[in-house]
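Before any comments, here is the structure.
Here you go:
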């Protein structure tokens with residue numbers, strides 16, 4: 013009875029062994045060909061042009077070509093949004109990591125935000141009113157990341173660039189920011205062909 017129960021297992025094992033033996037006896041090139049996955053396209057030498065299918069499926073072909081931002085100097089800062097009652101504890105937490113406090117300021121007008129600027133490249137924000145953009149940010153599912161700020165050499169040339177390339181700008185013109193800067197903001201849903209997905213600030217430092 014035990015032998016009858018084991019017979020299917022033995023037969024399966026024999027079949028698998030035969031398959032493995034056949035594969036082992038095949039030439040190396042055939043074994044490699046059988047085991048290698050089929051690719052949508054293969055690499056081509058520099059002397060041959062890619063086929064239409066390669067152009068279609070190459071990941072870079074799906075990226076829109078956008079003109080370069082003139083005068084880009086790098087990242088100015090990352091901004092984090094925190095509730096009012098957590099501002100000081102967050103500042104102290106980053107100081108304990110080695111960040112240095114450079115500046116703090118209450119920015120009024122349409123911003124309504126308390127700002128603490130830390131070195132290197134970190135800004136911590138908390139709202140001064142329920143209508144502050146930072147207060148609205150804190151009501152979102154991922155509230156901590158407020159925006160990314162890029163530093164430029166010429167804020168007006170940068171503004172003209174974004175306008176000419178169809179970006180949705182939140183400011184009618186570059187305006188005074190904190191700490192003597194000049195700034196404007198770009199909507200998270202622009203550019204339409206490849207939305208950034210987060211608020212972008214463009215900053216020019218004082219001369």
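In the numbering used here, the protein residues as written are 13 to 219.
Glycine is no exception: its CB is placed at the ideal position from the N, C-alpha and C atoms.
Since the model is a prediction, treat every value here as computed from it, not as a measurement.
- Going by DSSP, residue 174 is part of no beta strand (DSSP E) but of the alpha helix (DSSP H) stretching over 167-176.
- According to DSSP, residue 118 shares a beta bridge with 126.
- Residue pairing by DSSP leaves residue 80 without any beta bridge partner.
- Closest option to residue 84, judged by alpha-carbon separation, among 202, 91, 171, 203: 171.
- Counting C-beta atoms within 10 angstroms of its own C-beta, residue 80 has fewer than 16 neighbours from the protein chains shown and is therefore classed as exposed.
- Sixteen is the threshold: since fewer than 16 other Cβ atoms of the shown chains lie within 10 Å of the Cβ of residue 115, the residue is exposed.
- For residue 138, no alpha helix (DSSP H) run applies; the uninterrupted beta strand (DSSP E) run containing it begins and ends at 134-139, by DSSP.
- Collapsing the DSSP output to three states places residue 215 in a strand.
- The continuous stretches of beta strand (DSSP E) do not include residue 152, and DSSP gives it neither H nor E.
- Within the same chain, Cβ atoms closer than 8 Å to the Cβ of residue 118 are found at 125, 126, 127, 140, the five residues on either side in sequence being excluded.
- No residue range can be given for residue 201, since it is assigned to no alpha helix (DSSP H) and is classified by DSSP as neither H nor E.
- The continuous beta strand (DSSP E) containing residue 160 extends over residues 157-164.
- Between the alpha carbons of residue 214 and residue 98 lies a distance of about 27 Å.
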